[in-house]
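All remarks here apply to the structure that follows.
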Amino acid sequence: MTLAIFLFALSVSAAAIKLNEPLAAPIPHFEHAYTVSRLPSRGSVQPMSELKTVDSVIRLTRGNGSSLSSLYVQAMRLQDTGREGGYSRLTTGSLPLVNIEQGTVFLAPVTVGGQDSDVVIDTGSSDPWLVSTGFDCVDPYTHDDEPEDYCYFGPLYDPSQSTTFTPIPDRNLNLSYADGEFINGLMGYESFTMGGITIPQQQFGAVNYAGWYGDGISSGLVGFAYRTLTSSYAGTNPKLDKSGKQISYHPFFVNMYTLNTTAPVFSMAMSRDENEGGVMALGGIPDIPHSPYWISVPIIPVGVNASSGEVVYEFYTIVIDGYAYSSDQFAQFNPYASANSRKRSLVGNGTQAIVDSGTSLMYVANDVAVGVTLAFTPPGTCDPSSRTDPTCYVPCHSVPPVFGVTIKKKVFFVNAQDMILQNGVDDNGIPVCISAVQANLKGLTILGDSWMKNVLAVFDIGAEMMRFSAREFYGLGSYGTTARGYS
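Okay, structure coming up:
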């Protein structure tokens, strides 16, 4: 990989950049065999924060790209099943689910050095970074030089127009992702404002060299990972950076609560309306309709390891009691495993599941996915053993079964509108639909966007807990287009 030394070219203006559609790139192959492992506890756990309604609420929008979390999910699905090909945020290889399995990118507005941008919100990484004027764009696969608009970023951050930017001497940012994308740049201090909260001197990466598949809107990324997975290194030459030699610093949200600006909590509520992405509250919960009942469950920190052993990504993982599903719309379920013949037992008991809004679908044990698919009326088809297409298909006009995920004896049901997703058309132009519940192919269990639309999810970082409240029949209140109903 040829890496350029950072240079700010002050003559390049963000307004002068014409954002054209990116060119199709060759499908990159994965450079690592990824595994997951449990990470040790941080050791100092705080009491659970009081859940207050806060004004620091960010309206999220859905981007045109695909999520970074889905990169690692699909990378491991590919390698676990022995499929050929690769997966990127721009082009999908051998997977039949092109758009849906790429996940969802959620964007949020941020003001950096007085300049407004949209950034990707990513709960699996830590570094905040923005691409800068005069950056060098290269193809992520071939590393050939390309014009700036090939990387397809939004407006560029211009440090020369900021009175608060301070470069950090002899420090560089060096990040790479599962599909071959990478960024390098200078580390610096800058004023960051998000959701009405300002960190006057936030460390961040000002990117000068990028191999990236952009969306034409976002100008960078802000990470909200459970741990500090920062990627700052000593020196100015990224070619000399060594794995395991990162210099730790406080990411944006960590600075928020360590500086007592807010409680160590953020929460998310996703919308069914594709034009609304959802909302994210910093330090508490948004003022939206939801059930008054909450459950709490410990966070199990899980890292994604590259073949070198380095932790490159992180997931929020919890233990669920199991799944409740039935074609009987009036079925009752028994989350307590008591001897009650009138209620149905849960299946898949004691499963560890990743909570991830960036993954569109729910991935569950193969037998559960098959059972749910057959519970549609009329039933669908699902063959997890297929090496060519293990997708669970359902007729687009099917009536979905009752389906829910049970956590701490509480069943969180999924609205029927979230159970069927259209995934293109066949050769005759007839719509093709799939179940939102797919087989995990004996891999990761994921509670993705289809499930998260039905809960208000609270990430209590200080207490190492997650909390959930049901909202399967509620919209986003004053933050959405409708206050109640299927929005």
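Heads up: the sequence shown is residues 10 to 496, going by our numbering. Virtual Cβ for every residue (Gly too), placed ideally from N, Cα, C.
If we define contact as Cβ-Cβ less than 8 Å, is residue i a contact residue for chain D?
i      : result
ASP398 : The chain inventory of the structure shown lacks chain D, comprising one protein chain alone.
For residue i, which residues in the same chain have their Cβ closer than 7 Å to its Cβ, ignoring the five residues on either side in sequence?
i      : result
ARG68  : VAL288, TYR488
GLU481 : PHE422, VAL423, ASN424, ASN463
TYR258 : GLN212, THR239, SER241
ASP64  : GLY205
PRO56  : ALA472
ALA243 : ASP179, ARG180, ILE256
PHE384 : According to the sequence provided, residue 384 is Ala. The question's Phe does not apply to it. Around ALA384: TYR334, SER335, SER336, PRO410.
GLN338 : VAL411
Compare the beta carbon distance of residue i and residue j with 8 Å and say whether it is the shorter of the two.
i      : j      : result
TYR150 : GLY189 : yes
LEU184 : MET196 : no
PHE6   : ASP330 : Summary: the structure shown does not reach residue 6, with the chain confined to residues 10 through 496, and so no result is reported for it.
LEU48  : PRO310 : yes
GLU323 : GLY133 : yes
GLY359 : VAL381 : no
THR368 : SER78  : yes
TYR334 : VAL411 : yes
MET203 : MET461 : no
LEU80  : TYR198 : no
SER227 : GLY293 : no
VAL364 : MET474 : no
SER347 : THR237 : no
PRO295 : VAL66  : yes
What does the alpha-carbon distance come out to for the pair residue i and residue j?
i      : j      : result
ALA315 : LYS419 : 36 Å
TRP221 : GLY484 : 34 Å
GLY438 : GLY72  : 26 Å
THR113 : VAL231 : 15 Å
VAL263 : ASP153 : 37 Å
GLN255 : LEU249 : 12 Å
GLY457 : MET371 : 5 Å
TRP138 : TYR218 : 12 Å
GLN170 : PHE144 : 16 Å
CYS146 : SER126 : 19 Å
GLY286 : PHE115 : 7 Å
SER459 : THR245 : 43 Å
ILE208 : TYR325 : 25 Å
LEU291 : MET265 : 9 Å
THR336 : VAL414 : Checking the displayed sequence, the identity of residue 336 turns out to be Ser instead of Thr. Cα to Cα, SER336 sits roughly 16 Å from VAL414.
ALA215 : SER76  : 21 Å
ASP224 : ALA117 : 14 Å
ALA448 : SER366 : 18 Å
ASP436 : SER395 : 21 Å
ALA362 : TYR332 : 12 Å
ARG281 : GLY194 : 37 Å
GLU319 : TYR43  : 10 Å
VAL313 : LEU453 : 11 Å
ASP158 : ASP148 : 11 Å
ILE470 : GLN210 : 22 Å
VAL356 : ALA479 : 21 Å
ALA272 : VAL306 : 18 Å
VAL54  : TYR235 : 13 Å
ALA84  : THR172 : 42 Å
VAL373 : PRO393 : 11 Å
ASN284 : ASP427 : 16 Å
PRO247 : VAL119 : 27 Å
If residue i and residue j are in contact, beta carbons under 8 Å, what's the gap, nearest whole angstrom?
i      : j      : result
LEU465 : SER276 : 6 Å
LYS451 : ASN375 : 7 Å
CYS401 : GLN431 : Their Cβ separation, rounded to whole angstroms, is 14 Å, which puts CYS401 and GLN431 out of contact at 8 Å.
PRO409 : ILE429 : 6 Å
CYS391 : VAL377 : With 8 Å as the limit, CYS391 and VAL377 do not qualify as a contact, their Cβ atoms being about 10 Å apart.
GLY229 : VAL140 : 6 Å
VAL274 : SER58  : 5 Å
PRO440 : VAL434 : 5 Å
VAL121 : SER200 : 7 Å
ILE455 : VAL82  : 6 Å
Could you name the residues of the same chain whose beta carbon sits closer than 6 Å to that of residue i, not counting the 5 residues immediately before and after it, in chain order?
i      : result
ILE304 : ILE416, LYS417, LYS419, PHE477
GLN341 : LYS352
ASN505 : The structure shown does not extend to residue 505, since the chain spans only 10 to 496, so no value can be given for it.
ASP167 : THR142
LYS61  : GLY293
ILE177 : MET196, GLY197
THR70  : LEU116, GLY286
PHE191 : SER185, GLY220
Just to confirm my understanding: we take residue i, look at its own chain, exclude 5 residues before and 5 after, and list those with CB closer than 8 Å. What are they?
i      : result
PRO387 : PRO404, SER407
LEU268 : ILE208
PRO156 : CYS146
Using a Cβ-based criterion (distance less than 7 Å to any ligand heavy atom), does residue i qualify as near the ligand ATP?
i      : result
SER228 : In the structure on display, the ligand ATP does not appear, and there are no ligands present to speak of.
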